[in-house]
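Visitor: Got a structure for you, written out below as structure tokens; questions coming shortly.
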Amino acid sequence: MRKRKLDTDPTSVAIHTQNSGVQIRCMIKEDLSTVTVIEEESFSTPWTRSTFLSLLKQPSACLFSAVDSNECIIGYAAVWFVGDEGELGDLAVDKRVRRNGVGSLLLHAVVEEGRKRALHRLFLEVRESNDGAQSLYSRHGFEIVGSRRNYYTNPVEDAVLMQFLLIR
Ligand SMILES: CC(C)(COP(=O)(O)OP(=O)(O)OC[C@H]1O[C@@H](n2cnc3c(N)ncnc32)[C@H](O)[C@@H]1OP(=O)(O)O)[C@@H](O)C(=O)NCCC(=O)NCCS
């Protein structure tokens, strides 16, 4: 099981915040102990380990981990594919290293995967109040195309539907 070095090693935080040496690779089962901690810190209705495990087994899904130079997992993304569309189902970055470009690196990996699979579009739902995430997505070319009423629970909230067209 991989430890979260950030918890105990303040020098590693300094390295992380420079965002040096961050790599995006496919998620593996061994990442899940850290992934689920970040998930629980990031969402009020977090996915469980078994949700991640079942997605890891699906060829129609692709999960990425962001790994820093100390081999700590500092973020992840999950996308799945139906026909020529992809849905970004999950994206989170360790709260201690946000605003260092890690979310952008993960989003870039998702878009590149979409291009490889010749998708027509990527879409996602995001909480109406989640201005930070909406700003990240807009910056990367996603546009608002609709909303879903009462989509979220805990608290109940509408979702903003965003899409990125890969083929125009
Ligand atoms: C949303 C999230 C993944 C962004 O990750 P990140 O690594 O901080 O994102 P980046 O550093 O790549 O941000 C790139 C740009 O997006 C925008 N952005 C990202 N977070 C923002 C915030 N909290 N407020 C305003 N703008 C934000 C900014 O334009 C930022 O560029 P800047 O830092 O130069 O101003 C992260 O905040 C997170 O994990 N949040 C909790 C989980 C979540 O809400 N996930 C999305 C679910 S739909």
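Residues in the sequence shown are numbered consecutively from 100, following my numbering.
Backbone N, C-alpha and C define an ideal beta-carbon position, used for all residues, glycine too.
1. L152: buried (16+ other C-beta within 10 angstroms of its C-beta) or exposed?
2. What residues match up with L190 in a beta bridge as DSSP calls it?
3. Straight-line CA distance for F163 to I243?
4. What runs of the beta strand (DSSP E), each 3 residues or longer, lie entirely inside the segment 117 to 182?
5. Between P254, S159, N229, L206, which lies nearest to H239 when the distance is taken from Cα to Cα?
6. Going by beta carbon distance, what residues of the same chain come within less than 6 Å of D183, once the five residues before and after it are set aside?
7. How many Å lie between G185 and Y250 at the Cα?
Guide: Quick look at the numbers:
1. exposed
2. A176
3. 24 Å
4. 122 to 125, 160 to 166, 172 to 181
5. Of P254, S159, N229, L206, the residue nearest in Cα terms is L206.
6. L218, H219
7. Those two C-alpha atoms are separated by around 19 Å.
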